[in-house]
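K.L.:
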Amino acid sequence: MGKKRKSGGRSKGKKGGVAQVQCSSCNRMIPRDKAKRKTSYKTLVDYAIGKELRQQGTQIERVPYVRYFCVSCAIHRHQVKIRSADERKNT
């Protein structure tokens, strides 16, 4: 049977094995290099107070919030788009 992707959908190269992470949506365990990563930043300060502080010129620290999605959940949430065969072979 033909192979759809040269990399098998992963980015590990010749590492052997990689750690497993849990999908934030469906709790499925997936390899870290295959998971789609979504990083968002949250502030620990209330919005109204933060707005006043920013007007005064202070820097407010943001905490990164990292979520991992399996491929099916990433497609469902429109994090990645479905590409044609020609587009898949380019990258």
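Heads up: the sequence shown runs through residues 503 to 593, numbered per the numbering used here.
Where a beta carbon is used, it is the ideal one built from N, C-alpha and C, also for glycine.
Computed from a predicted structure; not experimentally measured.
Since K544 contacts V565 with CB under 8 Å, what's their CB separation in whole angstroms?
P.N.:
In the sequence shown, the residue the question calls residue 544 occupies position 42. In the sequence shown, the residue the question calls residue 565 occupies position 63. About 5 Å separates the two Cβ atoms, so the contact holds.
K.L.:
Quick one: what does DSSP say R590 is sitting in, helix, strand or coil?
P.N.:
Mapped onto the sequence shown, residue 590 falls at position 88. Three-state result, R590: helix.
K.L.:
Should C525 be labelled buried (16 or more other beta-carbon atoms within 10 Å of its own) or exposed?
P.N.:
By 1-based counting over the sequence shown, the position of residue 525 is 23. With 16 or more other Cβ atoms within 10 Å, it is buried.
K.L.:
Can you round the beta-carbon distance between I562 and V582 to whole angstroms, since I take them to be within the 8 Å contact cut?
P.N.:
The residue you call residue 562 lines up with position 60 of the sequence shown. The residue you call residue 582 lines up with position 80 of the sequence shown. About 31 Å separates the two Cβ atoms, so there is no contact after all.
K.L.:
Looking at the unbroken beta strand (DSSP E) that takes in V532, where does it start and where does it end?
P.N.:
Looking up residue 532 in the sequence shown gives position 30. Reading off the sequence shown, one finds Ile at residue 532, where the question assumed Val. First-last of the beta strand (DSSP E) with I532: M531 to P533.
K.L.:
Would you kindly check if the distance between the Cβ of A521 and the Cβ of R534 is under 8 Å?
P.N.:
Locating residue 534 in the sequence shown gives position 32, counting from the first residue. Locating residue 521 in the sequence shown gives position 19, counting from the first residue. Yes, these two residues count as a Cβ contact at 8 Å.
K.L.:
Hey, would you say K538 sits closer than 8 Å to A576, going by beta carbons?
P.N.:
In the sequence shown, residue 538 corresponds to position 36, counting from 1. In the sequence shown, residue 576 corresponds to position 74, counting from 1. Less than 8 Å separates the beta-carbon of K538 from that of A576.
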